[in-house]
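Written out below as structure tokens is the structure these notes cover.
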Amino acid sequence: MTDFPADFLRHLKSAERVVVLTGAGVSQESGLRTFRDDPIGLWAQYKPEELATPEAFAANPKLVWDWYAWRREAAQNARPNAGHYALVELEKRVPQFTLVTQNVDGFHRAAGSQNVLELHGNIRRVRCSVCGAFADAWTDDGANVPTCLQCGGLLRPDVIWFGESLPQAELQSAVEAARICHVFFSIGTSVVVQPAASLARAAQKEGAVLVEINAETTPLTQTADFAFRGKSGEILPRLIEALTLPSR
Ligand code: APR
1 MTDFPADFLR
11 HLKSAERVVV
21 LTGAGVSQES
31 GLRTFRDDPI
41 GLWAQYKPEE
51 LATPEAFAAN
61 PKLVWDWYAW
71 RREAAQNARP
81 NAGHYALVEL
91 EKRVPQFTLV
101 TQNVDGFHRA
111 AGSQNVLELH
121 GNIRRVRCSV
131 CGAFADAWTD
141 DGANVPTCLQ
151 CGGLLRPDVI
161 WFGESLPQAE
171 LQSAVEAARI
181 CHVFFSIGTS
191 VVVQPAASLA
201 RAAQKEGAVL
211 VEINAETTPL
221 TQTADFAFRG
231 KSGEILPRLI
241 EALTLPSR
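Written as structure tokens, this is what we have:
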């Protein structure tokens, strides 16, 4: 028994080009907290906006480094969930599939997604804050922020902080894919951070069917052509199942 409208399935089955935008909600069922859930523990006193900035790093590099070290370890100890794997299956069923993610946990590629655009970088990569050289390994003695072997500068996570520009190549590819797609999915994101938020609207303006899969309503819910409320790790596998069933 599928719980998806027949016209939605018809659109998706006939779509040549599909774009999926994901946010932290897609990794929530892997045990990683989203940005705007109630934070708990050590980091509850901070907001991402207070830590994920060049200013915060300049003012207190150790605090910012430790926050990302804690998040990196959480990501390394967690695994992609059924939602990530369902997106791998969806990519196999669509001639031109583009996965645009705001997530930095690397789970989409780890699950097997191929055409992934990481708009906000990747927490598993570390680079020098001065010369930009990537660090394959570093020693974190817990007392000081590790430094670059090339120039001695402080190391930082290779993620995009508030106020920093997004990787232009990835952004350009995401905008182009959104403009020509037949179906645009917004999954597990509160759609509050640009430019991700505007990608969905750009797609719909060009005639794409806009689909939202999210645990709560967002500013996109009202304008989406189809909105499915719930957990992506539950809804996406059911969607793959519905696509596999013979259409009635
Ligand atoms: N399934 C589907 N949606 C979920 C789930 C789930 N299991 N769990 C949570 N959600 C939804 C929440 O309801 C929320 O709308 O995922 C969304 C997560 O929103 P945010 O926490 O704001 O994360 P995100 O949209 O990815 O934030 C965007 O903001 O802080 C910056 O750079 C950071 O990339 C991040 C960006």
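Numbering (this note's numbering), first residue to last: 1 to 248.
For glycine and all other residues, C-beta sits at the position ideal for the given N, C-alpha and C.
Strand pairing of residue i, partner residues [DSSP]
| i | result |
| --- | --- |
| LEU154 | THR147 |
| ALA135 | VAL126 |
| THR22 | THR101, ILE187 |
| GLN96 | ARG17 |
| ALA177 | Partner(s): none; ALA177 has no beta bridge. |
| LEU199 | None, per the DSSP bridge assignment. |
| GLY121 | VAL159 |
| ALA227 | GLU212 |
| VAL64 | Bridge partners of VAL64: none, in fact. |
Residue i versus residue j: straight-line alpha-carbon distance, rounded
| i | j | result |
| --- | --- | --- |
| GLU49 | PHE162 | 7 Å |
| MET1 | ARG238 | Caution is warranted here: a pLDDT of 43 is assigned to MET1, below 50, making its placement in the model unreliable, and the coordinate value is therefore given only provisionally. The straight-line gap from Cα to Cα measures roughly 10 Å. |
| PHE97 | GLU170 | 14 Å |
| LEU90 | GLY142 | 42 Å |
| ASP136 | GLN76 | 15 Å |
| ARG71 | PHE228 | 29 Å |
| ILE123 | ARG79 | 15 Å |
| ILE240 | PRO167 | 31 Å |
| LEU149 | SER129 | 12 Å |
| LEU99 | ARG127 | 24 Å |
| ARG10 | PHE4 | 10 Å |
| SER198 | VAL145 | 36 Å |
| LYS231 | CYS151 | 45 Å |
| GLY233 | ALA110 | 16 Å |
| GLN85 | ALA208 | Here residue 85 turns out to be Tyr, not Gln, going by the sequence shown. Spanning the two alpha carbons is a distance of roughly 24 Å. |
| ASN81 | SER113 | 13 Å |
| LEU220 | GLN172 | 22 Å |
| ASN60 | ASN115 | 36 Å |
| ARG125 | ASP66 | 15 Å |
| THR147 | GLN194 | 32 Å |
| LYS311 | LEU51 | The structure shown does not extend to residue 311, since the chain is modelled only from 1 through 248, so no value can be given for it. |
Minimum C-alpha distance to residue i - residue among the options
| i | options | result |
| --- | --- | --- |
| THR34 | ASN144, ILE187, ASP140 | ILE187 |
| LEU155 | GLY112, VAL64, ARG229 | VAL64 |
| VAL19 | GLU206, ALA197, PHE185, LYS231 | PHE185 |
| GLU176 | GLY23, ARG17, ARG79 | ARG17 |
| THR53 | GLN222, ALA6, GLU206, PRO157 | PRO157 |
| GLU104 | ASP225, ARG179, LEU32 | As written in the sequence, residue 104 is Val, which differs from the Glu given in the question. Per the Cα distances, LEU32. |
| PHE8 | GLY233, LYS231, ALA224, GLU234 | ALA224 |
| HIS120 | HIS11, THR101, VAL126 | THR101 |
| GLU206 | SER232, ARG179, ALA197 | ARG179 |
| THR46 | THR139, TRP138, TYR68, GLU73 | According to the sequence shown, residue 46 is Tyr rather than Thr. Checking every option, the nearest Cα to that of TYR46 belongs to TYR68. |
| GLU73 | LEU210, ASP140, VAL183 | ASP140 |
Proximity below 8 Å, CB of residue i to CB of residue j
| i | j | result |
| --- | --- | --- |
| LEU117 | ALA174 | yes |
| SER165 | GLY23 | no |
| LEU243 | LYS92 | no |
| ALA203 | VAL94 | no |
| SER30 | PHE134 | no |
| ARG215 | LEU21 | Looking at the sequence provided, one finds Ala at residue 215 rather than Arg. Not closer than 8 Å, so no. |
| GLY153 | CYS131 | yes |
| LEU236 | GLY83 | yes |
Local Cβ density within 10 Å of residue i, reported as buried at 16 or more and exposed below that
| i | result |
| --- | --- |
| ALA200 | buried |
| VAL159 | buried |
| ALA6 | exposed |
| THR218 | buried |
| GLU212 | buried |
| VAL192 | exposed |
| GLN28 | buried |
| ALA56 | buried |
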